[in-house]
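Notes to accompany the following structure.
Protein chains: 2
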Amino acid sequence: MKVALIGMGSVGRGVAEMIAKKDLGLTITGIADSKSGLISDRGINIAKVLATKKKTGMCGDSTIPAIDVIKNADYDALIEVTPTNALSGEPATGYIKAALNRKKHVVTSNKGPVALHYKELKALAQKNGAAFRYEATVAGAIPIMHTLEHGLAGNEILALYGVLNGTCNYILNRMADEGLTYAQALMEARELGYAEADPTYDVQGIDAAIKLVILANTIWGNGVKLEDVDRTGIDLLTADALRLAEDEGCTIRLIAEACPRRNLFRVSPRIIEKSHPLVTQGTLNALTLETDMAKEITMIGRGAGSVETASAIIGDLLFIRDCYVQRA
Amino acid sequence: MKVALIGMGSVGRGVAEMIAKKDLGLTITGIADSKSGLISDRGINIAKVLATKKKTGMCGDSTIPAIDVIKNADYDALIEVTPTNALSGEPATGYIKAALNRKKHVVTSNKGPVALHYKELKALAQKNGAAFRYEATVAGAIPIMHTLEHGLAGNEILALYGVLNGTCNYILNRMADEGLTYAQALMEARELGYAEADPTYDVQGIDAAIKLVILANTIWGNGVKLEDVDRTGIDLLTADALRLAEDEGCTIRLIAEACPRRNLFRVSPRIIEKSHPLVTQGTLNALTLETDMAKEITMIGRGAGSVETASAIIGDLLFIRDCYVQRA
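From first to last, the protein sequence lines are chains A and B.
Start counting the first sequence at 74; every next residue gets the next number (this note's numbering).
Start counting the second sequence at 74; every next residue gets the next number (this note's numbering).
Written as structure tokens, this is what we have:
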């Protein structure tokens, strides 16, 4: 199967490395970063491109923009892993549409397009007989979308509860374990690269809320938007609040929860028993699905990381290879 | 899609009820228990059969044995949910072979045939272009097989660790939480229906070892057999041992673990930190997969129950419907 890879940040490089390393039957015929692009119908030498990117900051020819690769390269599936813009969803949404309009399958790790334009993109994919998959957008390496689609097929999903932001989980763990203040724990998270220079998206629960929107639309197709999510961050939490919870055998987690029957879509710090499956260490993500037949199913795993995210993207690509391309 | 249901115990009735209740596009055209069978190409009235079964102990005509239903009914997929015989794998193995030889898909919850004859049954299915699926054999409602097949596709599975027997988990929880002796906790488990009159299979780790064999063969195709599993049960554990573990912030769990690189296939009571994701409450099952890309993925859920097991079986049936029958 031929793929085009758009985006050469940490995730894009992780995907490229795994495709080069593993014998998955995937050939990269187009590649682009924000400044350059490269097309080769016979397959691109990944090691060479990664070395060039490292040396020059560009993966290809500065006269070939990403959209040209998407519109002109010969590929079966587009891998769209450019940085998330949660306000406009661009340029990713335009890239995805251009590929779908060419009847190409699309795999993305980009939360913006899925959270903002779920229905439109799904409809466009269906109209063109193409797959539109986005396992990597929620909870990193945890294969939550595959589980909803196959493992729990036939179940009604009644509600979900999750720890969907690893940065907040790290900060809360450090505040509880070491008695750090929020500011101290945030500084530590920054030093370790878990928090960005501007941590607003993480600590105010926006990132978790975006993931909740993606999950809610996937499961219930209910058109929930970011502004429908009742949202409280962790940035006003005191060390005292955590200590009080700990005294009762509990702790505090930033929990994203959705239950359409109660019209509940919320991200907020919650007091939770320490023995609860959603209480995980470090930056781990966790998600519980409440269903009618399987009852509660909880999944725990890494929510971020280059190779971990590549795992989700490759899972999507192999599903497309097995269920679309090979059967076509 | 037409299905034949063989086995009308707790799991079989659960499957029948869910097929009747949910609009899944599944029609039962053949049904059998250990004493009787029924064939109707136009579809069987499930409510009526369940009522008859309740009243008479039989679901159909005593002159129609299960094998006749399997050989003569008009169906796409066989649902084989007769009781597990871990020594002979019969009569289930014969049933499964008869269906596969007719080029019918097979879904089973029966550990015997899969643990004893994995390679042979997989090969027979492949030869006949039929699916052979057994999600329900390991960890009940947790969709572990789907996760291995799709969610973690492309990953190398390096090792696995799991709590695969709910009865032992219940006993260990009660010993730790209430200071009960093994004998007291076992008696309680029996009264609640979690343990059978003869608890040997559960408490000596045989059930967990059988599940480990199924997982190892599925993941690594390595032909591991029950006798290759190093096995220690929980029946000799003392309340003192649990107390000592608790004093260190730990507890004891019956852990099934497999790591081919270390030639490790073992079921044994292990001391484990209480905050570890595999430490779950009640009868819950849990499984951690160690992989090269996604790293550790843990899944927690119900390991038994009529409707919970039906969830796994229906997930398999819908996968067959979507990926085989509708595309045929």
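Even glycine gets a Cβ: it sits at the ideal position worked out from N, Cα and C.
Query	Result
Let me see if you follow: with CB-CB separation under 9 Å, is His190 (chain B) close to chain A or not?	no
Secondary structure at Ala342 (chain B), three-state DSSP: helix, strand or coil?	This sequence places Pro at residue 342 (chain B); Ala is not what is there. Pro342 (chain B) falls in the strand class under three-state DSSP.
Quick one, are the C-beta atoms of Ser379 (chain A) and Val122 (chain A) less than 9 Å apart?	no
Would DSSP call Ile307 (chain A) helix, strand or coil?	coil
Is Gly116 (chain B) closer than 9 Å to Ile101 (chain B) when the C-beta atoms are compared?	yes
Determine the DSSP secondary structure at Asn242 (chain A), reduced to helix, strand or coil.	helix
Of all the CB atoms in chain B, is at least one closer than 9 Å to the CB of Asn238 (chain A)?	no
Which first and last residues belong to the beta strand (DSSP E) in which Glu363 (chain B) is found?	Asn358 to Thr364
Counting only Cβ pairs nearer than 8 Å, list the residues of chain B close to Gln199 (chain A).	Per Cβ cutoff of 8 Å: no residues; Gln199 (chain A) is ~15 Å from chain B at best.
Using alpha carbons as the reference points, say which of A:Ala367, A:Lys368 and A:Tyr191 lies closest to Ile287 (chain A).	A:Tyr191
Here's the rule I'm using: 16 or more other beta-carbon atoms within 10 Å means buried, otherwise exposed. How should Asn336 (chain A) be labelled?	exposed
Closer than 9 Å, Cβ to any Cβ of chain A: which residues of the segment 222-233 of chain B, in chain order?	Glu222, His223, Gly224, Leu225, Ala226, Gly227, Asn228 and Glu229
Rounded to the nearest angstrom, how far is the Cβ of Lys368 (chain A) from that of Arg375 (chain B), given a contact under 8 Å?	5 Å
Around the Cβ of Ser348 (chain B), are there at least 16 other Cβ atoms within 10 angstroms (buried) or fewer (exposed)?	exposed
Give me whichever residues DSSP pairs with Lys75 (chain A) in a beta bridge.	A:Thr100
Based on Cα-Cα distance, which residue from A:Arg339, A:Ile307, A:Ser341 and A:Glu346 lies nearest to Glu321 (chain A)?	A:Glu346
Under the assumption that Ile393 (chain B) contacts Ala150 (chain B) (Cβ atoms under 8 Å), give the Cβ distance between them as a whole number of angstroms.	5 Å
Select from B:Gly388, B:Gly130 and B:Cys396 the residue whose C-alpha is nearest the C-alpha of Leu97 (chain B).	B:Gly388
In whole angstroms, give me the CA-to-CA distance for Ala120 (chain B) and Lys108 (chain B).	19 Å
I want to see whether chain B comes within less than 9 Å of Thr220 (chain A), judged by CB atoms only; does it?	yes
Is it the case that the Cβ atoms of Ser182 (chain A) and Glu153 (chain A) are separated by a distance below 9 Å?	yes
Looking at chain B, is there any beta carbon in it that lies within less than 9 Å of the beta carbon of Ile215 (chain A)?	yes
What is the rounded straight-line gap between the Cα of Gly355 (chain A) and the Cα of Arg247 (chain A)?	8 Å
Would you please verify whether the beta carbon of Ser182 (chain B) is less than 9 Å from any beta carbon of chain A?	no
Quick check: the Cα distance between Gly235 (chain B) and Ile328 (chain B), rounded to an integer number of angstroms?	5 Å
For Leu233 (chain B), report the span of its beta strand (DSSP E) as first-last.	Ile230 to Val236
Check each candidate in B:Ile137, B:Ala226, B:Lys177 and B:Val88 and name the one with the smallest Cα separation from Asp147 (chain B).	B:Lys177
Do you know how far the Cα of Gln399 (chain B) is from the Cα of Gly202 (chain B)?	14 Å
Starting from Leu390 (chain B), trace the alpha helix (DSSP H) both ways and give me its first and last residue.	Ser379 to Ile393
Let me know the secondary structure DSSP gives Gly224 (chain B) once reduced to three states.	helix
Between the segment 76-108 of chain B and chain A, which residues of the former have CB atoms less than 8 Å from a CB of the latter, in chain order?	Met91, Lys95 and Leu97
Please list the residues of the segment 387-399 of chain B that have a C-beta atom closer than 7 Å to any C-beta atom in chain A, keeping them in chain order.	Ile387, Gly388, Leu391, Phe392 and Cys396
Establish whether the CB of Glu371 (chain B) and some CB of chain A are separated by less than 9 Å.	Going by the sequence as given, residue 371 (chain B) is Thr instead of Glu. So, interface residue.
What are the boundary residues of the beta strand (DSSP E) that includes Gly374 (chain B)?	Glu369 to Gly374
Taking Cβ-Cβ distances shorter than 7 Å, what residues in chain B pair up with Val380 (chain A)?	Met366
Could you check the C-alpha separation between Thr361 (chain B) and Ile386 (chain A) for me, to the nearest Å?	21 Å
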